[in-house]
Amino acid sequence: MAERSYPIYIGAGLLARGKLLAQHLPQDRVALITDTTVAALYLDVVADALGAAGVSVTKVVVPTGEQHKDWHNLNAVFDTLLANHCERKTTLVALGGGVIGDLAGFAAATYLRGVPFIQLPTTLLAQVDSSVGGKTAINHPRGKNMIGAFYQPLAVIADTATLNTLPDRELSAGLAEVIKYGLIRDPAFFAWLESNIEALIGREPAALAYAISRSCENKAEVVAADEREESGTRALLNLGHTFGHAIETGLGYGTWLHGEAVAAGTVMAARLSQHLGLIGAPELARVAALLERARLPVNAPDLGVERYLQLMGMDKKVEGGRMRFILLRAIGSALLTAEVSRDALAAVLAASVAHA
Ligand code: NAD
Ligand code: GLY
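To convert a position in the sequence shown, counted from 1, into the numbering used here, add 92.
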C-alpha cells in the first residue's frame, strides 16, 4: 500500500507542535473531534497550537464512552460539520482514544463522500493499534463495529505525554493489544514484555516508547500485507476479539473496556488452541500469566454458552455461515481456521466460564 503510506510520529509533547499537523493539511481548516473527557484535557492545547500555525478550527465534542460510538453521535458530528460549512478539503482530526478515532474516521470516510483525516491518539490502545491501519466503525446494538469503512489517515501523531493522564485501568486495556502482537507474530517482543511488564505498568517512558513503536511496526507490516483483511493475514490481529466482542456486546458497551474483553477473549482463544492440541498447558499458562501481570481479566463473564454462541455468530469473520477463529500454534505464531467443531467451542466456553 505504498501509495497510501503515511507517517506515524511518536514522541512526548507533539500535540503542542501545530506545524507538524498543519504541514499535512490540504486547506488551513480542520474539524477537531474529541470526547468530553479529552476535551477538558487537550482540546485547547491542540486548538491553540493549530491557531498559532494559521489553521482555523471547528470543535466537535461528543460524550465519552464506548456506548456513544453509535449512529446518533455520528449524525451529531455530521450536524456540526454541515452547520459550519465544512468542505471537501476540511480535514477531520480525531483527538482521543479508539472510540473517537473509529467514529471520526467513519465520519471522514463518508462526509461529502470522503474528506481528509488525521489521527491524534491519546490512549495507549489507540497509539499501539486503533489509530494505525484505517479501520473505522460504529457499533450496532447487535454487534461491535458492524458499520464502518476502511479509510486511511493522512498522518498519525501520537503524543506519548498524554499517557500521563490516562487512568491505570485504561493503560492496562491498551496492554492487551500490545501483548497481542507478541502472541500472533513476534515471540521476541512477547519475551521482552514478560521482562518489562512491570515497567510498562509503572509508565517508565523508555519502556512505553519501545512498546508503542514496536507495536506500530508490527501493525504497519500486517496492514501493508493485507490492508482490507482479504488474505487472512490482517485477521490475525483479531486474536481474542471474537470472544471479546461477544463479551462487550453481551454485557452492554462500556461495561468492560475493549482491552479487558480482548484480554479475557485471548485466554479463551488460547484455551481453545490447547483444547485442539495446537499448544500445550505451559503456553496457555504463559499467556494468562502475562495478561494477569498487566492487571487484565483472564476469566470470562458468565453470559451462558448459548448466548456466547449467538453473539459470536455475528462476528465479521463469519464466512459461508461458518465461524472462523484465530488460534495459537505457538507463542508468536497464529492461524485463521474454520475447523472448530461446535462441541469443542461449547466445551471451551463452559470451561472459561467455570474458571470465573
Ligand atoms: P476510548 O476511546 O473510550 O478511551 C478510553 C477512555 O480514556 C475514555 O474515557 C477517554 O475519554 C479517556 N481518555 C482518552 N485519552 C485520555 C488521556 N490522555 N487522559 C485521560 N483520559 C483519556 O477507548 P480506547 O480504549 O482508546 O479504544 C477502544 C475502542 O477502539 C473500541 O471501540 C475498539 O473497538 C476500538 N478499536 C479499534 C481498532 C481499529 O483498528 N480501528 C483497533 C482496536 C480497537
Ligand atoms: N484491530 C484489528 C485491525 O486493525 O485489523
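All C-beta atoms, glycine included, are put in the ideal place defined by N, C-alpha and C.
Checking the sheet assignment: what are the DSSP bridge partners for residue i?
| i | result |
| --- | --- |
| F242 | K227 |
| Q211 | A186, V248 |
| D171 | According to DSSP, which records beta bridges pairwise, D171 is partnered with nothing at all. |
| G235 | H232 |
| R414 | E411 |
| Y101 | I249 |
| D127 | V154 |
| R121 | S148 |
| A426 | L420 |
Quick check on residue i: buried or exposed, where buried means 16 or more other Cβ atoms within 10 Å of its Cβ?
| i | result |
| --- | --- |
| P213 | buried |
| P233 | exposed |
| S433 | exposed |
| K111 | exposed |
| L216 | buried |
| P118 | exposed |
| N165 | buried |
| E431 | exposed |
| K272 | buried |
| S444 | buried |
| A422 | exposed |
| A356 | buried |
| P279 | exposed |
| P208 | buried |
| K236 | buried |
| S222 | buried |
| K227 | buried |
| S287 | exposed |
| P99 | exposed |
Is any non-hydrogen atom of ligand 1 found closer than 6 Å to the C-beta of residue i, if you look at the structure I gave you?
| i | result |
| --- | --- |
| A361 | no |
| E262 | yes |
| S222 | yes |
| L217 | yes |
| L258 | yes |
| G77 | Residue 77 falls outside the range modelled here, since the chain spans only 93 to 448, and no answer is possible. |
| H350 | yes |
| L130 | What sits at residue 130 in the sequence shown is Val, not Leu. Indeed, a heavy atom of ligand 1 lies less than 6 Å from the Cβ. |
| T252 | no |
| T156 | yes |
| T358 | no |
| A377 | no |
| A265 | yes |
| T127 | Reading the sequence as shown, one finds Asp at residue 127 and not Thr. Within the cutoff, so yes. |
| T214 | yes |
| D318 | no |
| D162 | no |
With a threshold of 6 Å (Cβ to nearest heavy atom), would residue i be considered close to ligand 2?
| i | result |
| --- | --- |
| E227 | Glu is not the amino acid found at residue 227; the sequence shown has Lys there. Yes, Cβ of K227 sits closer than 6 Å to a heavy atom of ligand 2. |
| R326 | yes |
| L124 | no |
| L174 | no |
| L331 | no |
Which residues in the same chain as residue i place their Cβ atom closer than 8 Å to its Cβ, once the five residues preceding and following it in sequence are excluded?
| i | result |
| --- | --- |
| N256 | R295 |
| L349 | E158, R261, E262, A265 |
| A361 | L331, G332, T334, F335, F417, I418, L419, L420 |
| S425 | I276, R277, P279 |
Grab me the residues of residue i's own chain with a C-beta within less than 6 Å of its C-beta, minus the 5 sequence neighbours each way, in chain order.
| i | result |
| --- | --- |
| G346 | G157, E158, Q159 |
| M93 | Confidence at M93 is low in this model, with a pLDDT of 48, below 50, so the placement of that residue should be treated as unreliable; the coordinate-derived value is given next. Hits under 6 Å: A316, E319. |
| Y400 | A338, L441 |
| A436 | H367 |
| T254 | T214 |
| S97 | none |
| A250 | I102, P213, Q219 |
| F242 | G226, R320 |
| G240 | F198, T228, A229 |
| A196 | I125, L184, A186 |
Can you find a CB in chain D that lies within less than 7 Å of the CB of residue i?
| i | result |
| --- | --- |
| A303 | Protein chains in the displayed structure number just one, and chain D is not present. |
Near residue i, what residues of its chain come up, given a Cβ to Cβ distance below 7 Å and the 5 sequence neighbours on each side ignored?
| i | result |
| --- | --- |
| G225 | K311, V315 |
Looking at ligand 4, does it come within less than 6 Å of residue i, judged from the CB to the closest heavy atom?
| i | result |
| --- | --- |
| D140 | Among the ligands in the structure shown, ligand 4 does not appear; only ligand 1 and ligand 2 can be found there. |
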